[in-house]
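Asks: Each residue of the sequence shown is one higher than the one before, starting from 101 at the first, in my numbering.
Cβ coordinates follow ideal geometry from the N, Cα and C atoms, glycine included.
The structure presented is a predicted model; accordingly, all values stated were derived computationally and were not measured.
Input: one structure, supplied below.
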Amino acid sequence: MNGGCHVLILEARFYPDIADELVKGAMAVLERSNATVARLAVPGAFELPAAIRFALRGTGAGAPGQAPGQAPGQAPGQAPGQAYDGFLALGCVIRGETDHYDHICREVSRGLMDLTLDPGIALGFGVLTCRDRAQAWERAIATGKNKGGDAAAACLAMIDLKRRFGLVSS
């Protein structure tokens with residue numbers, strides 16, 4: 101996989117220990133590929149699609165250390181939405197006693213899928229949907245199933261695919 105790409109990791113912090121482990125696994129993969137990384141925390145998985153949309157449309161006005169009108173991670177002169185070559189959505193939803201789990205899982209998945217199709221972003225899907233904390237931890241831990249690392253590898257593969265089709269600068 102090509103290095104030199106810039107990835108925005110969006111981490112849902114509802115389960116901070118699980119989020120930390122997903123990020124740990126993802127960072128190891130991204131560092132091996134020489135990708136540069138920016139990170140953004142959101143409250144929970146439901147906020148992931150909106151946060152990506154904000155990053156694509158935003159100007160970054162008022163962000164510390166940025167020129168007026170410059171989006172986070174955006175190089176001077178670069179159009180909004182071009183700041184990142186790919187996005188990595190990390191988080192966890194654990195089934196509870198109500199239907200809330202089903203609604204959140206469905207809408208987060210749909211929202212992220214919609215972004216991959218229009219506007220057509222390179223995305224690594226690292227949102228765990230689990231029965232309980234034990235199952236979530238087993239999948240999140242970087243020394244275990246390492247789903248954060250898997251999602252980062254998928255993001256890099258999609259960036260490479262976009263490059264093959266001339267949709268991302270090399």
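(1) Taking the beta strand (DSSP E) that residue 226 falls in, what are its first and last residues?
(2) Any idea what DSSP makes of residue 131, helix, strand or coil?
(3) Cα separation between residue 255 and residue 224?
(4) Can you find at least 3 beta carbon pairs, one from the region 216-236 and one from the region 186-194, that sit closer than 8 Å?
(5) Closer than 8 Å is the cut-off here; do at least three beta carbon pairs connect the region 140-149 with the region 258-268?
(6) For residue 187, does the three-state DSSP call read helix, strand or coil?
(7) Check this for me: beta carbons of residue 123 and residue 111, under 8 Å apart or not?
(8) Identify, in the order they occur along the chain, each residue of the same chain with its Cβ nearer than 6 Å to the Cβ of residue 136, setting aside the five sequence neighbours on each side.
(9) Could you tell me whether any non-hydrogen atom of the ligand FMN is closer than 7 Å to the CB of residue 132?
(10) Which of helix, strand or coil does DSSP assign to residue 242?
(11) Could you check the C-alpha separation between residue 242 and residue 148 for me, to the nearest Å?
(12) Could you spell out the range, first to last residue, of the alpha helix (DSSP H) harbouring residue 112?
(13) Need the endpoints of the alpha helix (DSSP H) that residue 216 sits in, please.
(14) Taking the alpha helix (DSSP H) that residue 257 belongs to, which residues open and close that run?
(15) For my contact list, residue 154 and residue 204 are in at a C-beta cut-off of 8 Å; report their separation, rounded to the angstrom.
(16) I'd like the list of long-range same chain contacts for residue 79, defined as Cβ closer than 7 Å, with 5 residues on each side in sequence excluded.
(17) Going by DSSP in three states, residue 140 sits in which element: helix, strand or coil?
(18) Going by CA-CA distance only, name the one from 220, 109, 259 that's closest to residue 185.
Replies: Working from what's here:
(1) Here the question's residue 226 lines up with position 126 in the sequence shown. Segment 223-230, the beta strand (DSSP E) holding residue 226.
(2) Your numbering for residue 131 matches position 31 in the sequence shown. It is helical.
(3) Walking along the sequence shown from the start, residue 255 turns up at place 155. Walking along the sequence shown from the start, residue 224 turns up at place 124. Between residue 255 and residue 224, the C-alpha separation is close to 4 Å.
(4) yes
(5) no
(6) Taking the sequence shown and counting its residues from 1, one reaches residue 187 at position 87. Strand, per DSSP.
(7) Locating residue 123 in the sequence shown gives position 23, counting from the first residue. Locating residue 111 in the sequence shown gives position 11, counting from the first residue. It is a contact, given that the beta carbons lie within the stated cut-off.
(8) By one-based count along the sequence shown, residue 136 stands at place 36. 106, listed in sequence order.
(9) Looking for the ligand FMN in the displayed structure turns up nothing, as the structure carries no ligands at all.
(10) Taking the sequence shown and counting its residues from 1, the one referred to as residue 242 is at position 142. In the structure shown, residue 242 sits in coil (DSSP, three-state: anything other than H, G, I, E or B).
(11) Indexing the sequence shown from 1 puts residue 242 at position 142. Indexing the sequence shown from 1 puts residue 148 at position 48. Going from the Cα of residue 242 to the Cα of residue 148 covers about 21 Å.
(12) Taking the first residue of the sequence shown as position 1, residue 112 is located at position 12. Looking at the DSSP string, residue 112 is not in any alpha helix (DSSP H); the run it does join, the beta strand (DSSP E), is 106-112.
(13) Position 116 of the sequence shown, counted from the first residue, corresponds to residue 216. Here the alpha helix (DSSP H) through residue 216 covers 200-217.
(14) Against the sequence shown, residue 257 aligns to sequence position 157. Where residue 257 is concerned, the enclosing alpha helix (DSSP H) stretches over 247-264.
(15) To locate residue 154, count along the sequence shown from 1; it is residue 54. To locate residue 204, count along the sequence shown from 1; it is residue 104. Incorrect: roughly 19 Å between the Cβ atoms, too far for contact.
(16) Outside the modelled stretch of the chain, which goes from 101 to 270, sits residue 79, for which no answer is possible.
(17) Reading the sequence shown from its first residue, position 40 is the one you call residue 140. The answer is strand: DSSP assigns residue 140 an E or B state.
(18) Within the sequence shown, numbered from 1, the residue matching residue 185 stands at position 85. Among 220, 109, 259, the Cα nearest to that of residue 185 is on 259.
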